[in-house]
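Residue numbers (my numbering): 416 to 629.
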Amino acid sequence: MIRHRPPAEVLLDYATGTAPMPLAVLVATHLSLCPESRAEVRALEAIGGALLDSLAPVAPAPDALAAIFKRIDAGEVPQQELPRVVPDGVVPPPLADYLPGGLDALAWRRLIGGLRQAELPFSTATHKASLLRIAGGRGIPHHTHRGDEYILVLDGAFSDEFGHYARGDVAIFNETVTHHPVADADNACLCLMVTEGPVRLTSWWGRFINPFLR
Ligand code: ZN
Numbered sequence: 416m417i418r419h420r421p422p423a424e425v426l427l428d429y430a431t432g433t434a435p436m437p438l439a440v441l442v443a444t445h446l447s448l449c450p451e452s453r454a455e456v457r458a459l460e461a462i463g464g465a466l467l468d469s470l471a472p473v474a475p476a477p478d479a480l481a482a483i484f485k486r487i488d489a490g491e492v493p494q495q496e497l498p499r500v501v502p503d504g505v506v507p508p509p510l511a512d513y514l515p516g517g518l519d520a521l522a523w524r525r526l527i528g529g530l531r532q533a534e535l536p537f538s539t540a541t542h543k544a545s546l547l548r549i550a551g552g553r554g555i556p557h558h559t560h561r562g563d564e565y566i567l568v569l570d571g572a573f574s575d576e577f578g579h580y581a582r583g584d585v586a587i588f589n590e591t592v593t594h595h596p597v598a599d600a601d602n603a604c605l606c607l608m609v610t611e612g613p614v615r616l617t618s619w620w621g622r623f624i625n626p627f628l629r
């Protein structure tokens, strides 16, 4: 059961198509694992549609509608389809769609402390997307953040000062938070991570790996 779901504003950004690409992939992948969040996105879309309907009508330019239909016909206006549900498989779609060679084909970098990280091909200038694998019982050193950090657990689980996060859970942290995530002892934890800026490690030894973990 998923206990940590993204807040409504994050789902709303996804529903309205304003979320940056890495975050949209993270939310979409969460949706494929979480019926509750899917229902919430559907409800937000319905509210958005009702709001649009209630706006005072403005006569469109005569050729505006024709232009829109032309764009739809040309495939320029994709119809949003919510991700389908997958009962198992470590990497669910839509993230899996970006990993045609699977996890093993990624360029994994080995960091100290039982961490491995692979950057994903859909990072942007402002939001970096990566997969992070934490060995069982190991952790990310104490750190704070420069901007928001979004973590979706894909396999295993981790705990920090704020909770315990398992498959499908989304954890969001910001620059006011310092924490120390540790994977459950019995299994490695695989996470999809989206960060706005490099994390800032707060322990003296952690600063040695700071240039790598971002
Ligand atoms: Zn963090």
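All residues carry an ideal CB built from backbone N, CA and C; glycine is no exception.
- Annotated three-state conformation of L526 is strand, per DSSP.
- Take H419, set aside five residues on each side of it, and the residues of its chain with a beta-carbon closer than 7 Å to its own are G578, Y580, D584, V585 and A586, in chain order.
- Between R561 and R615, the beta carbon gap of about 6 Å places them in contact (Cβ cut-off 8 Å).
- Around the beta carbon of S469, fewer than 16 other beta carbons lie within 10 angstroms, which makes this residue exposed.
- Annotation for L441: Y565, L567, L607 and V609 place their beta carbon closer than 7 Å to its own, counting only its chain and skipping 5 residues before and after.
- Ligand 1 never approaches V609 closely enough for any of its heavy atoms to be under 8 Å from the residue's Cβ.
- Between ligand 1 and F573, a heavy atom-to-CB distance of less than 8 Å is absent.
- Put simply, the region 506 to 522 touches the region 436 to 450. At least three CB pairs are less than 8 Å apart.
- Less than 9 Å separates the beta-carbon of P596 from that of D575.
- Taken through DSSP and simplified to helix, strand or coil, D428 comes out as helix.
- Of all alpha-carbon atoms in T444, A520, I462 and I417, the one lying nearest the alpha-carbon of T431 is that of I462.
- The DSSP assignment places 524 to 526, 530 to 534, 543 to 549 and 564 to 570 as complete runs of the beta strand (DSSP E) inside the region 523 to 572, in order along the chain (cut-off: 3 residues).
- A distance filter of 5 Å between CB atoms and the heavy atoms of ligand 1 selects the following residues in sequence order: E564 and F588.
- Per DSSP, V456 is one residue of the alpha helix (DSSP H) stretching across P450 to S469.
- The C-beta of L438 has 16 or more other C-beta atoms within 10 Å across all chains shown, which makes the residue buried.
- The Cβ atoms of A598 and A550 lie closer than 9 Å to each other.
- The distance from the Cβ of T593 to that of T559 is about 5 Å, consistent with a contact at the 8 Å cut-off.
- Pairing D570 with A544 gives a Cβ-Cβ distance that is not under 9 Å.
- Check the Cα spacing between L546 and each of A600, D563, E611 and R524: the tightest is with R524.
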